[in-house]
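Working notes, beginning with the structure itself.
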Amino acid sequence: MNSVYFDHAASAPLRPEARDCLDEWFARTGNPSATHAAGRLVRTAVEEAREQVAECLGARPADIVFTSGGTESDNLGVKGLAEAATPGRTHVVTSAVEHPAVRESVRWLGEHGHEVTEVAPRPDGVVPVEVVLAAVRDDTALVSVMAANNEIGAVNDVAAIGMALRERGVPFHTDAVQAVATLGVDVRRWPCDALSLSAHKFGGPQGVGIAYLRSGVPIAPVQHGGGQDRGVRSGTMAAALIAAAGAALVAAVADRDDLHGRLEGHRKLLVDRLGEVEGIRVNGPSDPDRRLASHLHLSIDGVTPDALGLGLDRAGLHASSASACVSGAGKASHVVEACGIDGDAALRLSMGTTTTEDEVEAAASILTDVVSRLRAGESVVQPPSGGPRGQVVA
Amino acid sequence: MANVLVAMSGGVDSAVAAALLVEAGHDVTGVHLKLADVPLAEQVPGQGCCTLDDAQDARRAAQVLGIDFYVWDMADLFRREVQQPFADAYVAGLTPNPCVTCNEKVKYAALHERAMALGFDAVATGHHARIWERDGERVLVRGIDRAKDQSYVLYMATADQLATTMLPVGEHTKDEVRRIAADRGLRMAAKPDSYDVCFIPSGDTAAYLRERVSADPGPIVDLDGRRLGEHAGTWQYTIGQRRGLGLGTHERRFVVDVDPASATVIVGPRDALACEWAQLGDPTWIAGRPPGEGDLTAQVRAHGRPVPATIDGDVVHFGEPVHGVACGQSVVLYDGEVCLGGGRVAAADRPALPISA
Numbered sequence: 016m017n018s019v020y021f022d023h024a025a026s027a028p029l030r031p032e033a034r035d036c037l038d039e040w041f042a043r044t045g046n047p048s049a050t051h052a053a054g055r056l057v058r059t060a061v062e063e064a065r066e067q068v069a070e071c072l073g074a075r076p077a078d079i080v081f082t083s084g085g086t087e088s089d090n091l092g093v094k095g096l097a098e099a100a101t102p103g104r105t106h107v108v109t110s111a112v113e114h115p116a117v118r119e120s121v122r123w124l125g126e127h128g129h130e131v132t133e134v135a136p137r138p139d140g141v142v143p144v145e146v147v148l149a150a151v152r153d154d155t156a157l158v159s160v161m162a163a164n165n166e167i168g169a170v171n172d173v174a175a176i177g178m179a180l181r182e183r184g185v186p187f188h189t190d191a192v193q194a195v196a197t198l199g200v201d202v203r204r205w206p207c208d209a210l211s212l213s214a215h216k217f218g219g220p221q222g223v224g225i226a227y228l229r230s231g232v233p234i235a236p237v238q239h240g241g242g243q244d245r246g247v248r249s250g251t252m253a254a255a256l257i258a259a260a261g262a263a264l265v266a267a268v269a270d271r272d273d274l275h276g277r278l279e280g281h282r283k284l285l286v287d288r289l290g291e292v293e294g295i296r297v298n299g300p301s302d303p304d305r306r307l308a309s310h311l312h313l314s315i316d317g318v319t320p321d322a323l324g325l326g327l328d329r330a331g332l333h334a335s336s337a338s339a340c341v342s343g344a345g346k347a348s349h350v351v352e353a354c355g356i357d358g359d360a361a362l363r364l365s366m367g368t369t370t371t372e373d374e375v376e377a378a379a380s381i382l383t384d385v386v387s388r389l390r391a392g393e394s395v396v397q398p399p400s401g402g403p404r405g406q407v408v409a
Numbered sequence: 046m047a048n049v050l051v052a053m054s055g056g057v058d059s060a061v062a063a064a065l066l067v068e069a070g071h072d073v074t075g076v077h078l079k080l081a082d083v084p085l086a087e088q089v090p091g092q093g094c095c096t097l098d099d100a101q102d103a104r105r106a107a108q109v110l111g112i113d114f115y116v117w118d119m120a121d122l123f124r125r126e127v128q129q130p131f132a133d134a135y136v137a138g139l140t141p142n143p144c145v146t147c148n149e150k151v152k153y154a155a156l157h158e159r160a161m162a163l164g165f166d167a168v169a170t171g172h173h174a175r176i177w178e179r180d181g182e183r184v185l186v187r188g189i190d191r192a193k194d195q196s197y198v199l200y201m202a203t204a205d206q207l208a209t210t211m212l213p214v215g216e217h218t219k220d221e222v223r224r225i226a227a228d229r230g231l232r233m234a235a236k237p238d239s240y241d242v243c244f245i246p247s248g249d250t251a252a253y254l255r256e257r258v259s260a261d262p263g264p265i266v267d268l269d270g271r272r273l274g275e276h277a278g279t280w281q282y283t284i285g286q287r288r289g290l291g292l293g294t295h296e297r298r299f300v301v302d303v304d305p306a307s308a309t310v311i312v313g314p315r316d317a318l319a320c321e322w323a324q325l326g327d328p329t330w331i332a333g334r335p336p337g338e339g340d341l342t343a344q345v346r347a348h349g350r351p352v353p354a355t356i357d358g359d360v361v362h363f364g365e366p367v368h369g370v371a372c373g374q375s376v377v378l379y380d381g382e383v384c385l386g387g388g389r390v391a392a393a394d395r396p397a398l399p400i401s402a
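Going line by line, the protein sequences match chains A and B. Under my numbering, the residue at position 172 of the first sequence is numbered 187, and the numbers go up by one with no gaps. Under my numbering, the residue at position 10 of the second sequence is numbered 55, and the numbers go up by one with no gaps.
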C-alpha cells in the first residue's frame with residue numbers, strides 16, 4: 016500500500032542540495048574551531064553557510080548564529096533577549112498560540128522573575144497587531160510573536176509589529192520556523208531582534224537551526240561552554256549539518272514562489288474535495304495572504320482523535336492529529352483551545368516540495384473513506400477489500 | 046490470522062504477549078495506555094506504571110517486534126473510574142481493589158469497545174491467565190504459573206469479551222516469559238515486576254490518600270468499646286491491618302472494623318477477623334449464570350490462598366474461616382482451575398462482630 020505524506024510541517028524531505036553537502040562535509044574530519052588546516056577547512060563550510068543564510072534573510076553574516084534546531088533558536092531568542100534586557104525591564108508579551116519552544120521558554124521566564132502577558136488570537140488564529148502593542152509597557156523586556164502558526168497556518172503581520180516595537184525600543188523575537196518555506200522572510204521588512212528557523216522544515220537536515228540575532232542587541236547565552244558561535248552559542252559547530260542548512264535555505268528561497276503557487280492549487284483542491292464531506296470544517300483565515308499555502312487545519316466531527324489517527328495511519332495518510340508531544344499520546348492542543356476551535360477531532364494536513372496532485376486526491380479519498388467508516392462503526396483495521404474476520408483462537 | 050490489539054504497558058508480560066502473537070502469524074498492533082497521570086517529577090522509574098520510561102519501553106518493544114504502535118491517553122477516564130472511586134471507597138470504609146476496577150472499566154470495557162469499533166478481532170494483554178473453550182463456551186482459567194496467576198483480577202469479564210480476548214502469556218511460567226523476552230532482544234526481560242498500585246509509585250497509600258482526603262479524627266476502640274487511641278481518619282485503616290495502629294501494646298491487634306459514620310476504628314485479636322460468609326453485591330458470572338451447588342474454592346485477595354466454598358444466591362459460605370474480609374474486596378469463585386466470576390463484598394459476617402457495608 017502506498018502512503019502519502021502530509022506532515023511536511025513536522026518534517027520535510029531532505030533536498031538534494033542538502034544531501035550533497037552532508038555527503039561532502041561528513042567525509043571531512045575536523046572541528047571548525049581548530050586553528051590548523053583540517054579545522055580551517057571544515058570552518059569554511061560554516062562560514063559559507065552563514066553568508067548564504069544572511070543573504071537569504073536580508074541580514075549580515077554577523078547576525079547569524081547556528082543552533083541545534085528551532086527549539087534551541089527559540090530558547091536563545093526568548094530567554095537570551097529577556098535575560099539581557101535593561102535592568103528593571105521584566106515584563107514579557109507573547110501570544111497564546113506560540114509553539115511550545117516559545118511558550119515553555121516564556122513560562123520559564125515567568126517562574127524566574129518575569130511577569131508575562133499572553134494575548135489571545137482571533138478565532139482564525141491570527142494574532143492582531145493592535146492587541147500585541149496594547150499589551151506592551153514601559154517595563155517590557157521582550158515581545159515574542161510567531162510569524163506563522165504551525166498548527167493552523169495563520170500568518171501574523173510581523174512587519175507591523177516589528178516596526179512599532181523598533182520605534183518603541185522594545186526587543187522583538189519572532190518564531191519564523193513555519194513561515195520560511197513558503198513566505199518571504201526578510202529582516203529588513205520585518206524589523207526584529209531575534210528570529211528562529213529550523214532546517215528540517217525547509218529541506219535541510221534535522222539537528223540544525225538558525226538564530227538571527229541582530230548584532231548589537233544584548234543576548235544572554237542559554238548554553239554555556241567554549242563560546243564557539245559569536246560567544247553566544249557554545250558547542251562544536253556541526254559543519255556538515257550547517258552546510259546542508261545553508262544550501263537548503265538557498266534552494267528553498269529559489270523555488271519559494273513556485274512552491275507557494277503549487278501549494279495554493281493543491282490546497283484549493285483539498286478544500287473542494289473535503290467540502291463534500293459533512294462535518295468537516297476548515298479552520299484558519301480565509302484570506303490567502305493571512306495563511307500558509309502549505310497548511311490545512313480541519314475540525315472533524317463524529318470521530319475520536321485516537322481512532323482517526325489509527326485509521327488514517329493504517330490507510331497510509333501521514334498527517335498530524337495533534338502536536339507530537341512527550342509520551343506520544345494525542346492531546347487537545349493549546350492552539351485549538353485558544354482559538355476556540357471546536358470539533359471532535361482536529362487534523363493538520365501540511366504539504367511541501369514533493370506533494371503532487373495525485374497525492375492530494377489520494378489524501379482526500381483516504382480521509383473521506385476513513386471518516387465515513389469510523390462514523391458508520393465499520394472497521395478501519397481490516398483491509399478495505401473485506402474478507403472474513405480473523406479467527407480468534409483461545 | 047487475526048488483527049489483534051495488544052495493550053503494552055512497558056512490562057515484560059505484555060511485550061512477550063505481543064511477541065508470541067506476532068510469531069503465531071497475527072497482524073499485531075501495540076497500544077500503550079496512558080492511565081495513571083503521575084506528574085513527571087513524582088515518577089519513579091521501575092515503580093508504578095505509565096511512566097515516561099514505561100511508554101518508551103513499550104515503544105522500543107514494538108519497534109523490535111516490527112509492529113505498529115500508538116499511545117492512547119485515557120488518563121481522564123482512569124481518574125474518573127479508578128482513581129477517584131479508590132479514594133471514595135476508603136472514605137466510605139471499603140477496601141477497593143483498583144486493578145479489578147481498572148480491568149472492569151478501562152482495560153476491558155473501554156479498550157475492548159475501542160478495539161472492536163476500529164475493527165480489531167481481539168484485544169490481548171500480558172495477564173497471566175488462560176482462556177479455554179469448553180462445551181462451546183469461553184472459560185477463564187488460572188495461568189500455568191500459580192504464583193503469578195492473575196485470573197482473580199479478570200473475573201468480571203463476560204464470555205463475549207473472552208471470545209475476543211487473547212492471553213498468550215498464561216501458558217508460560219514467569220521464568221519462561223523472561224527467557225522468551227531475552228531471546229527476542231526485548232530489554233524489559235530483566236525489568237522487575239511492579240507490585241504497587243500503579244498510580245501510587247511510592248507505595249505509600251496512606252500518603253496518597255492524605256493528599257486527597259480530609260482528616261477525620263476519631264477513636265480507636267477494642268471489641269468492648271474501650272478507647273485505646275486516636276486515629277486521623279478511618280480511611281487510613283483496612284480490615285485485617287496490623288501495622289500502623291500506633292497503639293503501643295504487646296498484644297497483636299488487628300483492625301476488625303471501620304465505621305466512617307462514627308469515625309471509629311475497632312481493633313481486636315486475630316480470631317475476631319474470622320469470617321464465615323460474605324454477601325456479594327451484584328456478582329458477575331462469566332458463563333452468564335450463577336454457579337451451581339457443587340464444591341468450589343473462593344479467593345479473597347489477588348494472590349490469596351483459595352479456600353473451599355459454596356454459594357447460595359449471592360452469599361458465599363467459606364469452608365474454613367477466612368481472616369480479614371473487607372467490604373469492597375472481591376471474592377472470586379473457582380471450579381478447580383476455572384474462574385467462574387464473583388463480586389464485591391457487600392456484607393460479611395464474623396462471630397465477633399456483625400458488620401455491614
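We put the CB at the ideal spot given by N, CA and C, even for glycine. Since this is a predicted model, take the numbers as computed values, not measurements.
Going along the segment 153–166 of chain B in order, which residues come within less than 8 angstroms of chain D, judged by CB to CB distance?
-> No chain D appears in the structure shown, which is made up of the protein chains A and B.
Going by the beta-carbon positions, is the gap between C384/B and R187/B smaller than 8 angstroms?
-> For the purposes of this step, residue 384/B is identified with residue 339 of the second sequence, where counting begins at 1. For the purposes of this step, residue 187/B is identified with residue 142 of the second sequence, where counting begins at 1. In this structure, R187/B lies closer than 8 angstroms to C384/B by Cβ.
Contact list for V396/A against chain B, beta-carbon separation under 7 angstroms | Here residue 396/A corresponds to residue number 381 of the first sequence, with the count starting at 1. Chain B residues near V396/A: N48, L163, G164, F165.
So what's V62/A in DSSP terms, helix, strand or just coil?
-> Here residue 62/A refers to the residue found at position 47 of the first sequence. Note on identity: in this sequence residue 62/A is Glu, with Val being the wrong assignment. In the three-state DSSP reduction, E62/A falls in the helix class (H, G or I).
Can you tell me which of the three DSSP states C384/B falls into?
-> As a working note, residue 384/B is residue 339 in the second sequence. C384/B: strand per DSSP, three-state reduction.
When DSSP labels each residue in this structure, what does A74/A get in the three-state scheme?
-> As a first step, residue 74/A is located in the first sequence; it is residue number 59 there, counting from the start. Correct three-state label for A74/A: coil.
Please determine if the segment 273–284 of chain A and the segment 364–381 of chain A are in contact, where contact requires at least 3 C-beta pairs separated by less than 8 angstroms.
-> Under the three-pair Cβ rule at 8 angstroms, the segment 273–284 of chain A counts as touching the segment 364–381 of chain A.
Do you know whose CA, among A174/B, D205/B, T203/B, lies nearest A192/B's CA?
-> Along the second sequence, one-based indexing puts residue 192/B at 147. Ranking the options by Cα distance to A192/B, first place goes to A174/B.
Report the neighbours of E393/A on chain B: residues whose CB is nearer than 8 angstroms to its CB, in chain order.
-> Indexing the first sequence from 1 puts residue 393/A at position 378. Residues of chain B passing the Cβ test: G164.
Indicate whether at least one CB of chain B lies closer than 8 angstroms to the CB of S338/A.
-> Locating residue 338/A in the first sequence gives position 323, counting from the first residue. Residue confidence for S338/A is low, a pLDDT of 42 falling below 50, so the modelled location carries little weight; the figure read from the coordinates is stated next. Chain B contact via Cβ: absent.
Around the C-beta of T50/A, are 16 or more other C-beta atoms found within 10 angstroms, so that it is buried, or is it exposed?
-> As a position in the first sequence, residue 50/A is number 35, starting the count at 1. By the neighbour-count rule (16 or more Cβ atoms within 10 Å), T50/A is not buried but exposed.
Show which residues of chain B have a CB atom less than 8 angstroms away from the CB atom of G324/A.
-> Here residue 324/A is taken as the residue at index 309 of the first sequence, counted from 1. Result: Y115.
When the Cα atoms are used, what is the spatial distance from I400/B to L318/B?
-> Here the question's residue 400/B lines up with position 355 in the second sequence. Here the question's residue 318/B lines up with position 273 in the second sequence. Here the model assigns I400/B a pLDDT of 48, short of 50, so the residue's position is not dependable, and the following value carries that caveat. Between I400/B and L318/B, the alpha-carbon positions lie close to 11 angstroms from each other.
Look at the Cβ atom of G299/A, then the Cβ atom of H312/A, and state whether they are nearer than 8 angstroms.
-> For this step, residue 299/A is matched to residue 284 along the first sequence. For this step, residue 312/A is matched to residue 297 along the first sequence. Going by C-beta atoms, G299/A is nearer than 8 angstroms to H312/A.
Count the C-beta pairs between the segment 125–133 of chain A and the segment 160–172 of chain A that are closer than 8 angstroms, then say yes if the count reaches three, no if not.
-> Judged by Cβ distances under 8 angstroms, the segment 125–133 of chain A makes no contact with the segment 160–172 of chain A, as fewer than three pairs qualify.
Excluding the five sequence neighbours on either side, which residues of its own chain have a C-beta within less than 8 angstroms of the C-beta of C354/A, listed in chain order?
-> The count along the first sequence starts at 1 and reaches residue 354/A at position 339. The beta carbon of C354/A lies closer than 8 angstroms to those of V112, P136, R137, P138, D139, G140, I167, N298 in the same chain, with the five residues before and after it left out.
According to DSSP, is L325/B helix, strand or coil?
-> Translated into the one-based positions of the second sequence, residue 325/B becomes position 280. In the three-state DSSP reduction, L325/B falls in the strand class (E or B).
Can you tell me whether DSSP reads R34/A as helix, strand or coil?
-> By 1-based counting over the first sequence, the position of residue 34/A is 19. Helix, per DSSP.
Give the range of the alpha helix (DSSP H) segment to which W280/B is assigned.
-> As a first step, residue 280/B is located in the second sequence; it is residue number 235 there, counting from the start. Careful: W280/B lies outside any alpha helix (DSSP H) and carries neither H nor E.
The alpha helix (DSSP H) enclosing A149/A, as first and last residue numbers = Reading the first sequence from its first residue, position 134 is the one you call residue 149/A. From DSSP, the alpha helix (DSSP H) with A149/A extends over 144–150.
Below 7 angstroms CB to CB, which residues in the same chain sit around D22/A once its five sequence neighbours on both sides are set aside?
-> By 1-based counting over the first sequence, the position of residue 22/A is 7. Excluding sequence neighbours, D22/A sits near H333, A334, S335, S365.
Could you tell me how far apart the beta carbons of V76/B and P143/B are, in whole angstroms, since I believe they sit closer than 8 angstroms?
-> Counting from one through the second sequence, the residue named residue 76/B turns up at place 31. Counting from one through the second sequence, the residue named residue 143/B turns up at place 98. Rounded, the Cβ-Cβ distance is 20 angstroms, inconsistent with contact.
Cβ-based neighbour list, V268/A, same chain, cut-off 7 angstroms, excluding 5 preceding and 5 following | One-based indexing of the first sequence puts residue 268/A at position 253. C71.
For A339/A, is the classification buried or exposed, using 16 other Cβ atoms within 10 angstroms of its Cβ as the cut-off for buried?
-> Walking along the first sequence from the start, residue 339/A turns up at place 324. Note that A339/A has pLDDT 38, beneath the 50 cutoff, so the model's placement of it is unreliable and the number below is only indicative. By the 10 Å Cβ count, A339/A comes out exposed.
Beta strand (DSSP E) runs contained entirely in the segment 149–210 of chain A, provided each spans 3 or more residues | Here the runs fully enclosed are 155–159, 187–190.
Unbroken beta strand (DSSP E) run spanning V222/B, endpoints | The sequence position of residue 222/B within the second sequence is 177, counting from 1. Counted as a single uninterrupted DSSP element, the stretch harbouring V222/B is not any beta strand (DSSP E) but the alpha helix (DSSP H) occupying residues 219–228.
Cβ pair V145/B, V198/B closer than 8 angstroms | The residue given as residue 145/B occupies position 100 in the second sequence. The residue given as residue 198/B occupies position 153 in the second sequence. Their beta carbons are under 8 angstroms apart, which means V145/B touches V198/B by this criterion.
Limits of the alpha helix (DSSP H) - the one that G92/A falls within = Mapped onto the first sequence, residue 92/A falls at position 77. Taken as a continuous stretch (DSSP letters only), the alpha helix (DSSP H) holding G92/A covers 85–98.
Kindly indicate the opening and closing residues of the alpha helix (DSSP H) around E158/B.
-> For the purposes of this step, residue 158/B is taken as the residue at position 113 of the second sequence. It spans 156–163 - the alpha helix (DSSP H) in which E158/B sits, taken as one unbroken run.
Quick one: what does DSSP say L29/A is sitting in, helix, strand or coil?
-> Within the first sequence, numbered from 1, the residue matching residue 29/A stands at position 14. The answer is coil: DSSP assigns L29/A none of H, G, I, E or B.
Report yes or no: do the segment 25–37 of chain A and the segment 205–222 of chain A share at least 3 C-beta pairs separated by less than 8 angstroms?
-> With the cut-off at 8 angstroms, the segment 25–37 of chain A and the segment 205–222 of chain A touch.
Quick one: what does DSSP say K236/B is sitting in, helix, strand or coil?
-> Taking the first residue of the second sequence as 1, we reach residue 236/B at position 191. K236/B falls in the coil class under three-state DSSP.
Roughly how many whole angstroms lie between the Cα atoms of G276/A and G290/A?
-> Taking the first residue of the first sequence as position 1, residue 276/A is located at position 261. Taking the first residue of the first sequence as position 1, residue 290/A is located at position 275. Near 21 angstroms, if we compare the C-alpha coordinates of G290/A and G276/A.
Around the C-beta of T279/B, are 16 or more other C-beta atoms found within 10 angstroms, so that it is buried, or is it exposed?
-> As a position in the second sequence, residue 279/B is number 234, starting the count at 1. Under this definition T279/B is a buried residue.
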